[in-house]
Amino acid sequence: MKTESYIRILAGTLVLISISLGHLVSSWWLLLAAFVGVNLVQSVFTGFCPAEIILHKLGLATAPCSVRSEKKP
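According to the numbering used here, the stretch in the sequence shown is residues 7 to 79, in order.
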């Protein structure tokens with residue numbers, strides 16, 4: 007599986023958990039969903055993705071954001 011797929015699974019799971027806890031426990035849990043969303047947006051612009059670094063350390067990701075190999079035209 008690609009690293010992006012792991013990131014999407016992690017982000018989606020955290021958002022669903024946050025919404026569930028926000029409904030069942032406290033609305034403060036919705037801040038977790040907001041944090042995940044902000045982190046996804048900032049990673050697009052900066053290339054810094056903490057979740058990808060963590061997945062890399064766990065052995066699930068192939069390379070962190072800054073070491074990606076992309077073909078340049």
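Glycine residues also receive a C-beta, built at the ideal position from the N, C-alpha and C atoms. As the structure is a prediction and not an experimental result, all values here were calculated from the model.
Confirm, please, whether the CB-CB distance from residue j to residue i is below 8 Å.
{"i": "Ser24", "j": "Leu46", "result": "no"}
{"i": "Val42", "j": "Ala17", "result": "yes"}
Quick check: what's the CA-CA separation for residue i versus residue j?
{"i": "Ile60", "j": "Trp34", "result": "25 Å"}
{"i": "Gly53", "j": "Leu64", "result": "20 Å"}
{"i": "Lys8", "j": "His62", "result": "12 Å"}
{"i": "Phe51", "j": "Ser26", "result": "29 Å"}
Using 8 Å for Cβ pairs, my map puts residue i next to residue j. What's the rounded Cβ distance?
{"i": "Ala57", "j": "Ile13", "result": "5 Å"}
{"i": "Leu36", "j": "Gly28", "result": "4 Å"}
Ordered along the chain, which non-local residues of its own chain (more than five positions away) have a Cβ less than 6 Å from that of residue i?
{"i": "Ser6", "result": "One cannot answer for residue 6 here, as it falls past the ends of the chain, which runs 7 to 79."}
{"i": "Ser72", "result": "Caution applies to Ser72, whose pLDDT of 49 falls short of 50 and renders its modelled position unreliable; the value that the coordinates give is listed next. Excluding residues within five positions, none has a Cβ falling inside 6 Å."}
{"i": "Val31", "result": "none"}
By Cβ distance below 7 Å, which residues in the same chain neighbour residue i in space, the five residues on each side in sequence not counted?
{"i": "Thr66", "result": "Here residue 66 turns out to be Leu, not Thr, going by the sequence shown. Excluding sequence neighbours, Leu66 sits near Tyr12."}
State the DSSP-derived secondary structure class of residue i, mapped to helix, strand or coil.
{"i": "Val31", "result": "coil"}
{"i": "Leu16", "result": "helix"}
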